[in-house]
Structure formats: C-alpha cells, structure tokens
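J.: Take a look at the following structure, please.
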C-alpha cells in the first residue's frame, strides 16, 4: 500500500508538501506541484490513512446513521427509507465524510458502536429513545433525528407534516363519500410519525362527524414484510364492512392491494385506498396508488445538512423542520357506492 513518503519520493518534494495536498491545503503549494502530486496519487493508488488522520485531527470523518427499524425489515421492503438514505448520503459524500449505517434498537450495541468508531455526528431515524439521544449529547456529539416528536427543545428533528398528511388522506376518502375507513400503520408502538398520521386521520373523521372506531385501526403489519401485508389484505377482503383504507406507507399499501384482489375485492370499485410517501411503487401498482407525497430526498438532505451545521459550530433555529406534504390522486380511490 502506497504512503505519502512514496508520493514525495516519486514527485521529488517534501513529505510536508504532499501532506498539504492530501489534506486539501492547496494554497500552500504551487498549482504545478499540486497537479504532479495528484497525478502521483492516481498512479500509486494512494488511499489516505483515515485512522491516522483521526488521531491528529480528532475527527473520524464518519457520520453514524441509526435506523431503528427491526433488522428483519430490509431497505428494499421500505422504499421510502432507501430514498431518504440516498439524499442523506449525497450530502455526507459531498462533505468528504463516510456514512456508517446501523439497524435495530439494542441500546448496548449502539453505545458500543459510538464508543468504538467515534463518529463526528449521529443521525437517528424513527423509534429513538430520549436516553440514547442524551447519551450522544453527553459525549459532545452533534445529534439529529428523523421522523421523531421528542420533547427536547435542544434537538433538531426533521420530519414531514405527518398529521396533516393523515388528515388529507382521510378527508379525501370522506369527500368521496366513504364513512367507514380503516387505518393501517405502526401506531402506539414507538413510531411517532405514524402516531401523528393516525391523529390526522382521526381529525378528519371527527371534523366530518364520524367517531373514530378503535376496531378500524390495524397495527398487525409490523415488522413489515410483503407476505404479512398480502395476508392482511386477504383478511380484509373477507370483511367487506368498510369502503376505504388509509395506509401509513406505500409499500404496505401495495401489499394490501394485492391481498384485497386475491381475496376478491376490487380496487377502487369495492375498496378505495390511500398510501403515504409517494415512492416509485405508488406508480407501479394497478391501478396507480393515490397517496400523500413527501420529499424523501429532501428529508435526508435536510438531516445531513443539519448535522454538518452542528459540526461547524452553528446553532440552527428553529429546531423542528416540518417538510410539506400534498395529496396525489391516482387510480385507487373512487366515490363510495
């Protein structure tokens, strides 16, 4: 493996000069020498020793991203998570940092990861206990959360207008004449954004004079996989005591639609369904899925931009970023019969 000393020998300059170029201090070196050193780096396939740099600069140049979904749930099974992660990663890469990802909620494992790898900042997503946020803060690490509603005025939290999204989904169905509307989502189990979407759904029902029915809340999809969603759709097709469904994610909605059809229920002729997120699968279902749009790429980018602002010593205000949502009407909703 090539070293800076090898580059210095090849170019015929001092080790200090090579170090300046490797660390981006081009103003201390002539443009011609910079180009020669960069050419030597390419020729020798030199890779900077990040561990050594971390010891000198006290920076690991690592951003830790902790997704608290179950490790059994893949990013492929949660389309929005992958979209958001791509936005986050693009900002991290642009800053010359590396992204370390971890899934799960085992606090001991997460604490070990933070201690061993010493990331410069931590981004948490979804079910985040305040105790873990406090642990990161006590280490002096910048911390940002995604999809949370923690009671912490010092914490930057990035999320969508979840309650408004739930309201828009239910109101759309109500405006089409639906009165008995189910809600499918990870409610009352730590996913605060799902709780907010359900609250918005209840807001719309109550506004229309419809009392929310606890029996219409379906939470048995989580942790999610396609088979579980399809099975629930089949079960619901056999009920036929409702005409509308609000679902907290497009992936879940797509699976439920498949199950409804397998069970003999037509969408939207018998059952209208609204998803949430507006990821690619919403345009791949048949018919295409009516859904609530949120900017997944933008959410990931906003979280990453916030962590780098904190690393740079800034104090962003306000602390809560609520990204807008909108209803996108496609083919899975129709007037109630």
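Numbering (the working numbering), first residue to last: 30 to 366.
No residue lacks a Cβ here, since even glycine has one placed at the ideal position from N, Cα and C.
Every value quoted in this text rests on a predicted model; they were computed, and no experiment measured them.
Please list the terminal residues of the continuous alpha helix (DSSP H) segment that includes residue 109.
T.: Unbroken alpha helix (DSSP H) run through residue 109: 108 to 123.
J.: In the stretch 138 to 191, which residue ranges form an unbroken beta strand (DSSP E) of at least 3 residues, counting only runs that do not cross its ends?
T.: Within the stretch 138 to 191, the complete beta strand (DSSP E) runs of at least 3 residues are 150 to 154, 172 to 175 and 185 to 189.
J.: Does the distance from the CB of residue 201 to the CB of residue 356 come in under 8 Å?
T.: For residue 201 and residue 356, yes; Cβs fall inside 8 Å.
J.: Using only CA atoms, which one of 59, 154, 126 and 72 lies nearest to residue 97?
T.: Residue 97 has its Cα closest to that of 154, out of 59, 154, 126 and 72.
J.: Roughly how many angstroms separate the alpha carbons of residue 48 and residue 37, rounded to a whole number?
T.: If you take the alpha carbons of residue 48 and residue 37, they lie about 9 Å apart.
J.: For the beta strand (DSSP E) containing residue 210, name the first residue and the last one.
T.: Residues 210 to 213.
J.: Roughly how many whole angstroms lie between the Cα atoms of residue 184 and residue 65?
T.: Approximately 46 Å, taken between the alpha carbons.
J.: Within 10 Å of its beta-carbon, does residue 344 have 16 or more other beta-carbons around it, so buried, or fewer, so exposed?
T.: Flag for residue 344 reads exposed.
J.: With three or more C-beta pairs closer than 8 Å as the rule, is the stretch 241 to 252 touching the stretch 300 to 311?
T.: Contact between the stretch 300 to 311 and the stretch 241 to 252 is absent, because fewer than three Cβ pairs lie under 8 Å.
J.: Here's a check: name, in chain order, each residue in its chain whose Cβ is nearer than 7 Å to the Cβ of residue 349, leaving out the five neighbours to either side.
T.: Result list for residue 349: 186, in chain order.
J.: Taking the alpha helix (DSSP H) that residue 327 falls in, what are its first and last residues?
T.: Looking at the DSSP string, the run of the alpha helix (DSSP H) that includes residue 327 is 325 to 340.
J.: Please report how far the alpha carbon of residue 214 lies from the alpha carbon of residue 58, in whole angstroms.
T.: Cα to Cα, residue 214 sits roughly 58 Å from residue 58.
J.: Can you have a look at residue 297 and say buried or exposed, based on whether 16 or more other CB atoms are within 10 angstroms of its CB?
T.: The residue in question, residue 297, is buried, as its Cβ has 16 or more Cβ neighbours within 10 Å.
J.: Return the CA-CA distance between residue 62 and residue 124, expressed in angstroms with no decimal places.
T.: Taking the straight line from one Cα to the other gives about 24 Å.
J.: To the nearest angstrom, how far is it from the Cα of residue 247 to the Cα of residue 70?
T.: Cα to Cα, the separation comes out at about 57 Å.
J.: At a cut of 8 Å, does the stretch 258 to 274 reach the stretch 223 to 238 through at least three beta carbon pairs?
T.: Not touching, per the Cβ criterion.
J.: Can the beta-carbon of residue 326 be found closer than 8 Å to that of residue 171?
T.: In this structure, residue 171 does not lie closer than 8 Å to residue 326 by Cβ.
J.: Can at least three beta-carbon pairs, one atom from the stretch 318 to 337 and one from the stretch 106 to 120, be found at a separation below 8 Å?
T.: Judged by Cβ distances under 8 Å, the stretch 318 to 337 makes contact with the stretch 106 to 120, as three or more pairs qualify.
J.: Can you give the Cα-Cα distance for residue 165 and residue 151, rounded to whole angstroms?
T.: Computed Cα separation, rounded: 8 Å.
J.: Please report the residue range of the alpha helix (DSSP H) in which residue 318 lies.
T.: That residue, residue 318, is in no alpha helix (DSSP H); it is neither H nor E in DSSP.
J.: Per DSSP, what kind of secondary structure is residue 126 in: helix, strand or coil?
T.: Three-state result, residue 126: coil.
J.: May I ask you to report which of helix, strand or coil DSSP gives residue 247?
T.: Here residue 247 sits in strand by DSSP.
J.: With distances taken Cα to Cα, identify the nearest neighbour of residue 189 among 46, 284 and 229.
T.: Ranking 46, 284 and 229 by Cα distance to residue 189 puts 229 first.
J.: Roughly how many angstroms separate the alpha carbons of residue 191 and residue 41, rounded to a whole number?
T.: When rounded, the distance between both Cα atoms is 60 Å.
J.: How many Å lie between residue 294 and residue 90 at the Cα?
T.: Whole-angstrom Cα-Cα distance: 53 Å.
J.: Could you work out which residue in 157, 276, 87 and 120 is closest to residue 147 when comparing CA atoms only?
T.: Among 157, 276, 87 and 120, the Cα nearest to that of residue 147 is on 87.
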